[in-house]
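Numbering (our numbering), first residue to last: 11 to 312.
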């Protein structure tokens, strides 16, 4: 039972961090209909900008702010320069964001190199809480808290504020919103910047969660985020939270229990979590094509 509870705690912590990334993707993809395949590179830049700031300032919180702002700036520049005229051109979105993602990834390689960075134990989160056979580090608790706070804040922002009303109205009928004198372009710029900032924030926490920051982590996390968003349902922000919980737990349960199967090939054990995550996605989409909490959203012209 102790092993199961530890796996569950780790899975929930991972789910909270993955939710930060998938929440950004859900905002951009689910609400605005933008296929942003550079999202993984924003995760990567968040992780490396956090590390660069941390080794120079030795302040976890200041480095976290740097990562958040880095993602926001990258997102704003991407929307303003590349995406502004591509909202109704999905094929062009794919090609442009794929190319941009590769460029941003190579810039990381050029600046920091290909050797992984290892942040090590953070002094701010050095405590471990033990109750019987169950143990949880303070960083795991922080990760869970960060995910929950993000879930509540963004949900309230979208559902109960004027900004959220404008975003939702702008997605459905931008022409009407413009006629009311509202700068829809500025609103969408803000949404894109926020989604990218959440991705960078998630990247900085994910690097610390696995105690390593590498140049391929962005694409790995992007794949999980896409699975989470589709699993939860396009257009459903809360669905992304449910999808993140399912995938986060699968990433912890499956590798451990697969390793307990006698004579199972080690390569299968390594890829088992990804295979199960994809299998869950396929099954859910066969039963419910719109995802767990999906709605049929037809994004308007931007």
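Ideal Cβ positions, reconstructed from N, Cα and C, are used throughout, including at glycine.
- Counting along the chain, residue 80 sits inside the alpha helix (DSSP H) bounded by residues 70-88.
- Distance from the CA atom of residue 93 to the CA atom of residue 12, rounded to whole angstroms, is 49 Å.
- Around the beta-carbon of residue 206, 16 or more other beta-carbon atoms lie within 10 Å, marking it buried.
- Counted as a single uninterrupted DSSP element, the beta strand (DSSP E) harbouring residue 145 occupies residues 144-147.
- If only uninterrupted alpha helix (DSSP H) runs of at least 4 residues are considered, those enclosed by the segment 161-222 are 172-182, 184-189, 194-219.
- Within 10 angstroms of the beta-carbon of residue 20 lie 16 or more other beta-carbons, which makes it buried.
- Around the beta-carbon of residue 193, fewer than 16 other beta-carbon atoms lie within 10 Å, marking it exposed.
- Residue 134 sits exposed, since fewer than 16 C-beta atoms from the chains shown fall within 10 Å of its C-beta.
- The three-state secondary structure of residue 141, taken from DSSP, is strand.
- Under the criterion of beta carbons closer than 8 Å, residue 145 and residue 16 qualify as touching, at roughly 7 Å.
- Within a 10 Å sphere around the beta-carbon of residue 129 sit 16 or more other beta-carbons, which makes this residue buried.
- For a cut-off of 8 Å, the C-beta gap from residue 209 to residue 34 is around 4 Å, short enough to register as a contact.
- Residue pairing by DSSP places residue 127 opposite 223 in a beta bridge.
- Between the alpha carbons of residue 189 and residue 179 lies a gap of roughly 12 Å.
- Counting only residues of its own chain and dropping the five nearest sequence neighbours on each side, residue 281 has no CB closer than 6 Å to any other CB.
- Annotated three-state conformation of residue 42 is helix, per DSSP.
- Distance from residue 219 to residue 51 at the Cβ level is roughly 19 Å; contact not present, criterion being Cβ atoms closer than 8 Å.
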